[in-house]
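Reminder that position 160 of the sequence shown reads as 159 in numbering that gives the first Met the number 0, one-by-one numbering, no gaps. Here's the structure, in structure tokens; my notes come after.
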Amino acid sequence: MKDKVIVVTGAGNGIGRAIALMLGRHGARVVVNDLGSSGAGEGSDSGPASEVAAQIRQAGGKAVPDNHSVTTADGAQAIVHTAIDSFGRIDGVINCAGILRDRIFHRMSEDEWRGVLDVHLNGCFFVSRAAAPHFKEQQSGTFVHMTSAAGLVGNFGQANYAAAKLGIVALSKSIALDMARFNVRSNCIAPFAWSRLIGTLPSETEAEKARLERMQSMQPEQIAPVAVFLSSDAAADVNGQVLTVRGNELIVMSQPRPVASIHRSEGWTLETLAEHAVPAIRRAFTPLERSPEVFCWDPV
0 MKDKVIVVTG
10 AGNGIGRAIA
20 LMLGRHGARV
30 VVNDLGSSGA
40 GEGSDSGPAS
50 EVAAQIRQAG
60 GKAVPDNHSV
70 TTADGAQAIV
80 HTAIDSFGRI
90 DGVINCAGIL
100 RDRIFHRMSE
110 DEWRGVLDVH
120 LNGCFFVSRA
130 AAPHFKEQQS
140 GTFVHMTSAA
150 GLVGNFGQAN
160 YAAAKLGIVA
170 LSKSIALDMA
180 RFNVRSNCIA
190 PFAWSRLIGT
200 LPSETEAEKA
210 RLERMQSMQP
220 EQIAPVAVFL
230 SSDAAADVNG
240 QVLTVRGNEL
250 IVMSQPRPVA
260 SIHRSEGWTL
270 ETLAEHAVPA
280 IRRAFTPLER
290 SPEVFCWDPV
């Protein structure tokens, strides 16, 4: 990673912070981007980004803070320009910026929907799009995006977050396909780690309390090595993948592919769909499960 210039969004706290600090320790030049908003996306504060950048410099690394918002194209361009102006180039983007505005679906407001998509999905697009021409010109570059088991599997009260996070997977795959010819890679991480966002989740029932206790055992510092590795030349043959990091576990997630098929030469009617098709393919249906039910074991 020595001398590579990496932009980390949402780097003032949690997973982004841990990644930025590790990048600094391994010789990268880091743009520490963070608007400094609350976990719900309210307000701004230059302090978190400045503090992390200062930590990197105090440890002998190179870093600059950036407080632009990822939610607009202009803000994203400004973030990338911070890298170019400070270090003369950009080699990688790690998209960690995120907020939560959880609400059961039938009560979710337009503001709660748009706010979460703006930061997560639009933020990933805008910052990645701003960096893409530079990567194309220099014939190299890496993207790492944070997705979530809430999108890959499902969860209660997170339609906005889940939609954004699964959209990020599709965005990453499209970037990987479109830019592989320019030696540009794009991968996703679904992280399990305790952070201020996870701390906002409800903990009223015994099951919810047990889930949060399990989450507290998993730290942002366990995510950082995977993100840094994917940004390095050592991961040159890893592209378009979705990796889950859960404690000390590294899991390759499946991506949608055909799992069962059936045909009828004369075509389908409503009756034959009910009587023939569904009974024949039901064994391949995906159960309606939540992330805690799929990842139900204690992390290693």
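Glycine included, each C-beta is placed from N, C-alpha and C at the ideal position.
Considering only the alpha carbon of each residue, which of the options lies closest to residue i?
{"i": "V152", "options": "T8, P257, V63 and P286", "result": "P286"}
{"i": "V237", "options": "Q218, M217, A179 and V293", "result": "A179"}
{"i": "V29", "options": "G40, S43, S36 and G9", "result": "G9"}
{"i": "F324", "options": "G42, S147, S139 and V168", "result": "A query on residue 324 cannot be resolved here, the shown segment of the chain reaching from 0 to 299 and no further."}
{"i": "W193", "options": "H262, D177 and E212", "result": "E212"}
{"i": "I174", "options": "T141, T204 and A162", "result": "T141"}
{"i": "V31", "options": "H80, A72, L176 and T71", "result": "H80"}
{"i": "G239", "options": "S253, A19 and G246", "result": "S253"}
{"i": "E50", "options": "R16, V225, G59 and A234", "result": "R16"}
{"i": "V69", "options": "I18, L20 and V6", "result": "V6"}
{"i": "P257", "options": "A52, A283 and L120", "result": "A283"}
{"i": "E220", "options": "V4, K3, D2 and R24", "result": "R24"}
{"i": "M214", "options": "P298, F86, T71 and I98", "result": "P298"}
{"i": "A27", "options": "G60, K164 and V241", "result": "G60"}
{"i": "S290", "options": "G97, G150 and K172", "result": "G150"}
{"i": "A14", "options": "I261, P224 and V241", "result": "According to the sequence shown, residue 14 is Ile rather than Ala. Of the candidates I261, P224 and V241, the one whose C-alpha sits nearest the C-alpha of I14 is P224."}
{"i": "D2", "options": "R88, I261, P255 and F104", "result": "R88"}
{"i": "F104", "options": "A72, Y160, S85 and L120", "result": "Y160"}
{"i": "G74", "options": "D33, D101 and G114", "result": "D33"}
{"i": "L120", "options": "T71, E248 and F86", "result": "T71"}
Alpha carbon to alpha carbon, how far is residue i from residue j?
{"i": "N182", "j": "M145", "result": "21 angstroms"}
{"i": "E136", "j": "I188", "result": "26 angstroms"}
{"i": "L22", "j": "A158", "result": "33 angstroms"}
{"i": "D44", "j": "A276", "result": "56 angstroms"}
{"i": "R56", "j": "I78", "result": "19 angstroms"}
{"i": "H133", "j": "V92", "result": "12 angstroms"}
{"i": "M0", "j": "G166", "result": "29 angstroms"}
{"i": "I250", "j": "N94", "result": "20 angstroms"}
{"i": "F155", "j": "A162", "result": "12 angstroms"}
{"i": "Q138", "j": "N186", "result": "17 angstroms"}
{"i": "W112", "j": "R106", "result": "11 angstroms"}
{"i": "Q54", "j": "S147", "result": "28 angstroms"}
{"i": "P64", "j": "G11", "result": "9 angstroms"}
{"i": "L170", "j": "G42", "result": "28 angstroms"}
{"i": "P278", "j": "H67", "result": "53 angstroms"}
{"i": "G97", "j": "D110", "result": "15 angstroms"}
{"i": "L269", "j": "L99", "result": "41 angstroms"}
{"i": "D101", "j": "V115", "result": "9 angstroms"}
{"i": "I261", "j": "P255", "result": "18 angstroms"}
{"i": "S85", "j": "A62", "result": "9 angstroms"}
{"i": "S231", "j": "E274", "result": "53 angstroms"}
{"i": "W296", "j": "E288", "result": "15 angstroms"}
Rounded to the nearest angstrom, how far is the Cβ of residue i from that of residue j, given a contact under 8 angstroms?
{"i": "P47", "j": "G38", "result": "With a Cβ gap of about 12 angstroms, P47 and G38 do not count as contacting."}
{"i": "F191", "j": "V244", "result": "7 angstroms"}
{"i": "G246", "j": "V118", "result": "The pair is not a contact, with the Cβ atoms about 26 angstroms apart (cut-off 8 angstroms)."}
{"i": "V143", "j": "L229", "result": "5 angstroms"}
{"i": "Q76", "j": "A129", "result": "5 angstroms"}
{"i": "V4", "j": "A58", "result": "About 18 angstroms separates the two Cβ atoms, so there is no contact after all."}
{"i": "V227", "j": "I18", "result": "7 angstroms"}
Quick check on the DSSP output: what are the complete beta strand (DSSP E) runs of length 3 or more inside the stretch 20-54, in order along the chain? The qualifying runs are 28-32.
Does the stretch 264-273 touch the stretch 112-129, meaning 3 or more C-beta pairs lie closer than 8 angstroms? no
Could you tell me which whole alpha helix (DSSP H) segments of length 4 or greater appear in the stretch 71-130? DSSP runs (the alpha helix (DSSP H)) wholly in the stretch 71-130: 72-86 and 109-116.
Contained alpha helix (DSSP H) runs [length at least 4] in the stretch 245-295, N- to C-terminal order: 277-280 and 290-293
Give the list of continuous beta strand (DSSP E) stretches no shorter than 3 residues that lie fully inside the stretch 142-202. 183-191
Segments of 4+ residues assigned as alpha helix (DSSP H) that fall wholly inside the stretch 206-235: Uninterrupted alpha helix (DSSP H) stretches at least 4 residues long and entirely within the stretch 206-235 occur at 223-229, given in chain order.
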